[in-house]
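Numbering (our numbering), first residue to last: -11 to 219. The C-beta atom is built at its ideal place from N, Cα and C for all residues, glycine as well. All remarks here apply to the structure that follows.
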């Protein structure tokens, strides 16, 4: 596998992993907390399943829409900044050339060392603009289809995550009994997902697993105790 292919796959995987993490984390935590909270107030699982499915549907749509708008805004911001750079390269070439030299100076190059590179970029307007977008503004090109893919990935991951804590309530009629199974299954899923997330993102796997487990556990415990106290 060549280096460019490896780099491209790494970028795509990073974006996909980020979307899965966003969707799955909320999908495991929010419906889990809702089901646990209702278990402290009702004994029948019918209400919990109905409320849980409604929350999963609403949550997946809201999360997916949020991911879509975020990716869309990112693409629009990149396009807007690129148009601005294209205009400045045409109307203010000397200022833009100085900004290129400033970027190289920040990496330790002297004016004499950077001058040939600056002149070479000035002869290649597209490469010049690409350079300014990446190294001056810190912006990377955004695939226009990214918004749609992000929305579907986040929404799908939310649904998958949300069905995990809700599944015991679909199989067991007693809410308190189902709660115990839901806790065991969901905490195991949070631990496993946190570990996998750490492996993919480069964080310490067991630290990531513990953090994910604690956050999900605290959210569910708080919802359960509040509902129990109110009822």
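By a C-beta neighbour count over all protein chains shown, 10 Å radius and 16 as the cutoff for buried, is residue i buried or exposed?
i: residue 19; result: buried
i: residue 217; result: exposed
i: residue 185; result: buried
i: residue 143; result: buried
i: residue -10; result: Because the pLDDT of residue -10 is 41, which lies under 50, any placement of that residue in the model is unreliable, and the number read from its coordinates should be weighed accordingly. The residue is exposed, with fewer than 16 neighbouring Cβ atoms inside 10 Å.
i: residue 21; result: buried
i: residue 227; result: There is simply no residue 227 to check, as the chain begins at -11 and stops at 219 in what is shown.
i: residue 183; result: buried
i: residue 96; result: exposed
i: residue 55; result: buried
i: residue 178; result: buried
i: residue 196; result: buried
i: residue 210; result: exposed
i: residue -4; result: The predicted position of residue -4 is uncertain, since its pLDDT is 45 and thus under 50; a value taken from the coordinates is nonetheless stated next. Exposed, since its Cβ has fewer than 16 Cβ neighbours within 10 Å.
With the cut-off set at 8 Å, would you say residue i and residue j are in Cβ contact?
i: residue 4; j: residue 147; result: no
i: residue 23; j: residue 169; result: no
i: residue 41; j: residue 153; result: no
i: residue 116; j: residue 122; result: no
i: residue 134; j: residue 63; result: yes
i: residue 37; j: residue 145; result: no
Suppose the cutoff is 8 Å on Cβ atoms and the five residues either side in sequence are ignored; what does the same chain contact list for residue i look like?
i: residue 103; result: 89
i: residue 175; result: 201, 204, 205
i: residue 161; result: 32, 33
i: residue 191; result: 185
i: residue 87; result: 120, 124
i: residue 93; result: 99, 102
Just to confirm my understanding: we take residue i, look at its own chain, exclude 5 residues before and 5 after, and list those with CB closer than 6 Å. What are they?
i: residue 27; result: 163, 167
i: residue 120; result: 73
i: residue 52; result: 139, 142, 143
i: residue 150; result: 15, 19, 44
Could you name the residues of the same chain whose beta carbon sits closer than 7 Å to that of residue i, not counting the 5 residues immediately before and after it, in chain order?
i: residue -1; result: Reliability fails at residue -1, whose pLDDT of 40 lies under 50, so the model's placement of it is uncertain and no value is given.
i: residue 35; result: 26
i: residue 113; result: 77
i: residue 129; result: 66
i: residue 181; result: 12, 16, 200
i: residue 80; result: none
i: residue 132; result: 63
i: residue 214; result: 25
i: residue 91; result: 123, 124
Considering Cα atoms alone, identify which of the options is closest to residue i.
i: residue 65; options: 13, 125, 213; result: 125
i: residue 84; options: 106, 188, 55, 159; result: 106
i: residue 6; options: 79, 165, 188, 99; result: 188
i: residue 127; options: 70, 108, 75, 92; result: 70
i: residue 165; options: 94, 193, 30; result: 30
Task: Cβ pair count under 8 Å reaching 3, the segment 129 to 145 against the segment 46 to 66 - done: yes
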